[in-house]
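Residue numbers for the sequence shown, in our numbering: 5 to 397. Just so you know, even glycine gets a beta-carbon here, dropped at the ideal spot from N, CA and C.
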Amino acid sequence: MSGIRDSLGRVGFDLLSHALTEYQDSRATGRLRVSGRPGGAFHLRDGLVVAVESPGAPGPEARLLRTGRVSGEQWAELLRENEGTRWPQAGLIAHGYAGAAQLRVVCVMATQDATFAVVAGRVDGCAPLDAAEPLAPVAVGEPPGRLLQEATRKLAAVAALPCPVRPERERPVPTAAADGADALLPELQRELLAHADGRRTARDIAFATGLGVYTVTVAMARMLGDGMLELAGDSGAVAPISIPVTGPIAARTPPATGTPGHRPPPEETPGRTYTERTGADEPADAGGTHAEPSDAEPGGEESGGADPDDAGPLDGGPAEGGSAEGGTTEAERAGTARPEAVRGGADPADADRSDAGSTGAGSVDTGRSQEGSTLSEPVGAERSGVGSGGGEL
């Protein structure tokens with residue numbers, strides 16, 4: 005019995021048992037709401053349980069209506085005659101739909117079945133008592149400990165069957181062996197075969213037929229063991245519903261390598277460094293410095309370059325002239341373009357710009373905006389770290 009409670013949540017069961025015992029000792033009156041799945045409510049009067057309601061088990065009203073003792077029209081008429089009550093016990097007896105003893109039995113069975121549904125599920129917590137009245141209370145209450153003990157005994161009986169099931173989990177379907185055997189089966193088993201469609205649990209069938217959850221659960225477990233029913237799947241879950249796709253599905257493609265902002269890192273080559281600003285590989289000397297790439301062509305002429313005579317100070321302003329007709333020297337292009345690699349020594353113009361950059365007077369040519377012009381990189385002395393004394397690049 006302890007193992008059964010552990011599988012259902014020992015903490016929740018003990019919490020419910022402790023709360024009911026406390027209210028019994030204090031002879032409390034009110035409704036104890038139990039949260040969980042399916043959860044429920046215990047109605048107490050002087051510490052005794054007079055009614056239990058749960059969404060996991062059919063109540064007295066559902067039992068009367070589903071079994072055919074009272075039709076829906078007759079029940080509605082009884083409610084109109086007895087305004088302000090949800091359980092027209094006097095009207096049921098007066099119209100001869102049920103006797104007083106039958107109604108007491110129905111209420112007691114509903115109370116015990118709802119207790120079984122609460123214990124067989126998951127108990128999360130208990131709320132304080134409130135003053136809500138029960139739907140169909142019994143005249144003589146029952147001790148809470150006895151109710152819980154009976155529910156635990158029923159749960160242990162279900163677990164001892166060859167194919168035990170839970171009231172809210174398994175959803176069986178009839179097997180081929182059940183075809184043509186309806187006439188030889190009892191009424192309860194015929195009811196289960198008629199309602200077992202792979203989507204209904206024992207609790208669902210209990211509400212559809214007006215039978216008790218415990219009764220349907222035991223019958224379902226026995227029919228599974230006899231081969232009359234089988235589970236719709238390994239886990240007893242409902243088969244998924246396929247949703248048709250109305251439009252085409254486009255595959256998501258990765259961004260192209262040539263898109264802006266996407267530059268794969270270059271392969272590392274010994275003796276070469278990677279320029280962060282331009283993304284170009286540049287040769288490095290033994291001292292760890294490198295020469296800046298030049299925008300000039302090998303012949304010393306800039307194709308489409310700006311006229312150096314029209315260039316202003318190093319303020320990044322646009323030039324007004326067009327392309328240069330002849331080649332330009334290093335001194336003429338010192339303030340406007342990047343220096344070429346110097347072989348054998350540093351250009352004095354580079355050293356001058358390095359001194360100016362160290363005092364804050366030097367700046368970076370931010371580029372030209374006219375057609376045919378090129379953007380200038382930072383001066384070579386600042387990038388390479390050459391001091392005022394010059395050095396080999």
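Assuming residue i contacts residue j (C-beta within less than 8 Å), just tell me the rounded distance between them.
i	j	result
Ala161	Gly44	In fact, because the Cβ distance is near 21 Å, the residues do not count as touching under 8 Å.
Leu139	Gly34	The Cβ separation is near 15 Å, so there is no contact.
Ala225	Cys167	5 Å
Val109	Leu68	At roughly 12 Å, the Cβ-Cβ gap does not stay under 8 Å, so Val109 and Leu68 are not in contact.
Phe211	Pro62	5 Å
Gly214	Ala105	Their Cβ separation, rounded to whole angstroms, is 19 Å, which puts Gly214 and Ala105 out of contact at 8 Å.
Val112	Val74	With 8 Å as the limit, Val112 and Val74 do not qualify as a contact, their Cβ atoms being about 18 Å apart.
Asp208	Leu197	Asp208 to Leu197, Cβ: 15 Å. No contact.
Val38	His47	Contact doesn't hold; Cβ gap of about 12 Å is too wide.
Gly83	Leu96	A small correction: the amino acid at residue 83 is Leu; Gly does not occupy that position in the sequence shown. At roughly 11 Å, the Cβ-Cβ gap does not stay under 8 Å, so Leu83 and Leu96 are not in contact.
Pro178	Ala200	6 Å
Using the Cβ count rule (16 or more neighbours within 10 Å means buried), how would you classify residue i?
i	result
Gly100	exposed
Thr172	The amino acid occupying residue 172 in the given sequence is Glu; Thr does not appear at that position. So Glu172 ends up on the buried side.
Arg150	exposed
Ala365	Low confidence applies here, because Ala365 scores a pLDDT of 40, under 50, leaving its location unreliable; read the following figure in that light. So Ala365 ends up on the exposed side.
Ala98	exposed
Ala290	Confidence at Ala290 is low in this model, with a pLDDT of 44, below 50, so the placement of that residue should be treated as unreliable; the coordinate-derived value is given next. With fewer than 16 Cβ atoms within 10 Å of its Cβ, Ala290 is classed as exposed.
Ser30	exposed
Arg90	exposed
Glu87	exposed
Leu36	buried
Val56	buried
Val15	exposed
Glu137	exposed
Ala135	exposed
Gly216	buried
Leu401	One cannot answer for residue 401 here, as it falls past the ends of the chain, which runs 5 to 397.
Ala180	exposed
Ala310	Any reading at Ala310 must be qualified, since the residue scores a pLDDT of 45, below 50, and its modelled position is unreliable; the value itself is stated next. By the 10 Å Cβ count, Ala310 comes out buried.
Ala223	buried
Ala114	buried
Gly376	Because the pLDDT of Gly376 is 42, which lies under 50, any placement of that residue in the model is unreliable, and the number read from its coordinates should be weighed accordingly. Label assigned to Gly376: exposed.
Give the single residue among the options whose Cα lies nearest to the Cα of residue i.
i	options	result
Arg126	Arg31, Arg90 and Pro42	Pro42
Gly81	Lys158, Arg73 and Pro92	For the record, residue 81 in the displayed sequence is Glu; it is not Gly. Glu81 has its Cα closest to that of Pro92, out of Lys158, Arg73 and Pro92.
Thr156	Glu87, Tyr218 and Thr89	Tyr218
Ala465	Glu87, Leu83, Ile97 and Gly145	Residue 465 is absent from the model: the chain starts at 5 and stops at 397.
Pro148	Leu52, Ser30, Val38 and Arg37	Leu52
Met232	Ser39, Thr213 and Leu192	Leu192
Gly40	Ala124, Gly103, His22 and Ala105	Ala124
Ala182	Gly216, Ile209, Met227 and Ala223	Met227
Ala164	Glu137, Thr221 and Gly202	Thr221
Glu19	Gln116, Leu152 and Leu48	Sequence inspection shows Leu at residue 19; the Glu mentioned does not correspond to that position. When only C-alpha atoms are compared, the closest one is Leu152.
Gly202	Leu189, Ala236 and Pro190	Ala236
Leu159	Ala94, Ala118, Leu107 and Pro178	Ala118
Gly60	Gln116, Leu188, Gln28 and Glu137	Gln116
Ala3	Gly72, Arg194, Arg204 and Ala23	The shown model of the chain, from 5 to 397, leaves out residue 3, and the question about it has no answer.
Arg204	Thr25, Glu234, Leu24 and Asp128	Glu234
Phe17	Asp50, Asp128 and Gln28	Asp128
Val169	Gly229, Glu26, Glu85 and Gln28	Gly229
Ser21	Glu154, Glu195, Arg70 and Leu188	Glu154
Does any residue of chain B bring its CB to less than 8 Å from the CB of residue i?
i	result
Ala200	Structure shown: chain B not included; a single protein chain is present.
Restricting to runs no shorter than 4 residues, where is the alpha helix (DSSP H) found entirely within the segment 14 to 87? 14 to 29, 64 to 70 and 76 to 85, all fully within the segment 14 to 87.
Curious, which full-length beta strand (DSSP E) runs of at least 3 residues does the segment 96 to 143 contain? Runs of the beta strand (DSSP E) inside the segment 96 to 143: 126 to 130.
Ranges of the beta strand (DSSP E) found wholly within the segment 171 to 221, counting only runs of at least 3: Runs of the beta strand (DSSP E) inside the segment 171 to 221: 176 to 178.
Would you say the segment 67 to 87 touches the segment 174 to 181, given that touching needs at least three Cβ pairs under 8 Å? Contact check between the segment 67 to 87 and the segment 174 to 181: fewer than three CB pairs, one atom from each, fall below 8 Å, which does not count as touching.
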